[in-house]
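Per the working numbering: the sequence shown = residues 17 to 99. Before any comments, here is the structure.
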Amino acid sequence: MFDDEIIAVANDSAQADRLATESAVKECYEQHKAAWESWDKGEPVDHWVDENGALCIRYENGEWFHYKMCPGMLGQDPFLSWW
Numbered sequence: 017m018f019d020d021e022i023i024a025v026a027n028d029s030a031q032a033d034r035l036a037t038e039s040a041v042k043e044c045y046e047q048h049k050a051a052w053e054s055w056d057k058g059e060p061v062d063h064w065v066d067e068n069g070a071l072c073i074r075y076e077n078g079e080w081f082h083y084k085m086c087p088g089m090l091g092q093d094p095f096l097s098w099w
C-alpha cells in the first residue's frame, strides 16, 4: 500500500467508528427518553467512553449518564442499562 492508500483506509476506519458511536448515542438517548414520562434533560451535547468501556452521554441540562448493554439472564433478552 502507498501512503495515500494507508491514510484513506485509516480515515474510512475512523469514520466507521465515529458513525457507529453516533448511532449508539442516538439509540441510548431514544431508549432512555422513552422510559421517562416527561424528559427534561434535553438533547445530547457530548459523549465519551469511560475507563470501564461504558458510553457516557451529557445532555443539555448538564446531567450525564453511563450506558451499557447488559446480557439477559435465564432467557431474557439483552437490555440497555443506565446510571
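Even for Gly, the Cβ is constructed at its ideal location relative to N, Cα and C. Quick caveat, the model's predicted, so the values are computed rather than measured.
*asked:* Measuring only the C-alpha atoms, how far is residue 54 from residue 75?
replied: As a first step, residue 54 must be located in the sequence shown, where it is residue number 38. As a first step, residue 75 must be located in the sequence shown, where it is residue number 59. Cα to Cα, residue 54 sits roughly 15 Å from residue 75.
*asked:* Counting C-beta neighbours from all protein chains within 10 Å, is the total for residue 86 16 or more, i.e. buried, or is it exposed?
replied: Here residue 86 corresponds to residue number 70 of the sequence shown, with the count starting at 1. Counting Cβ neighbours within 10 Å, residue 86 comes out exposed, since fewer than 16 surround it.
*Let me know the secondary structure DSSP gives residue 90 once reduced to three states.*
For the purposes of this step, residue 90 is taken as residue 74 along the sequence shown, with counting starting at 1. In the structure shown, residue 90 sits in coil (DSSP, three-state: anything other than H, G, I, E or B).
*Sequence-distant residues of the same chain with beta carbon closer than 8 Å to residue 58, five excluded per side*: In the sequence shown, residue 58 corresponds to position 42, counting from 1. Around residue 58: 75, 76, 77.
*Under 8 Å between the Cβ atoms of residue 64 and residue 83?*
Locating residue 64 in the sequence shown gives position 48, counting from the first residue. Locating residue 83 in the sequence shown gives position 67, counting from the first residue. Cβ distance not < 8 Å, so residue 64 and residue 83 don't count as in contact.
*Beta-carbon proximity check, residue 90 vs residue 44, cutoff 8 Å*: Here residue 90 refers to the residue found at position 74 of the sequence shown. Here residue 44 refers to the residue found at position 28 of the sequence shown. Result no, Cβ atoms of residue 90 and residue 44 do not sit closer than 8 Å.
*asked:* Please tell me whether, using a cut-off of 7 Å, the distance from the CB of residue 52 to the nearest non-hydrogen atom of the ligand GTP is below it.
replied: For the ligand GTP, the structure offers nothing, since it holds no ligand at all.
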